[in-house]
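Encoded as structure tokens, the structure appears first; notes follow it.
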Amino acid sequence: MVRKSLHETTFPKVKKFMSESDKAVTAKDVAQFLGMSHSGASSVMQLMEIFKMVQKVKRGGTYFVLKDVYDDEQIEAMLP
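Here the sequence shown is numbered in the numbering used here, starting from 20 and rising by one per residue.
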């Protein structure tokens, strides 16, 4: 049995979740969606940032948006 990587399994799920959301997401949002720990979701988001899939925005907390999808005005509107 071949084991699939995080890149093949989890990243597409998170990207779909983020694309269907109308707001910037937190690691907590992703943890609840995936049913994993907050630290696990934080690691997933850090890896997605390293692979240039998401952009991290700090505004009273750490939020993530899909990279190269939204302009600055749209990102501002998505933040709380």
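Yeah, the Cβ is synthetic: ideal placement off N, Cα and C, and Gly gets one too.
(Q) What residue range does the alpha helix (DSSP H) around F52 cover? (A) Taking the first residue of the sequence shown as position 1, residue 52 is located at position 33. It spans A46 to L53 - the alpha helix (DSSP H) in which F52 sits, taken as one unbroken run.
Q.
A43 and Y17 - do their beta-carbons sit closer together than 7 Å?
A. In the structure displayed, the chain extends from 20 to 99; residue 17 sits before or after that span and is not available.
Q | Anticipated Cβ contact below 8 Å, V73 with K86, distance rounded | A | As a working mapping, residue 73 is identified with position 54 in the sequence shown. As a working mapping, residue 86 is identified with position 67 in the sequence shown. Right, their Cβ atoms sit about 6 Å apart.
Q. What did DSSP end up calling V73 once you bin it into helix, strand or coil?
A. As a position in the sequence shown, residue 73 is number 54, starting the count at 1. Strand.
Q: Measuring alpha carbon to alpha carbon, tell me which of S56, L98, V63 and D91 ends up nearest T28.
A: Residue mapping note: residue 28 aligns to position 9 of the sequence shown, counting from 1. Considering only alpha carbons, the answer is V63.
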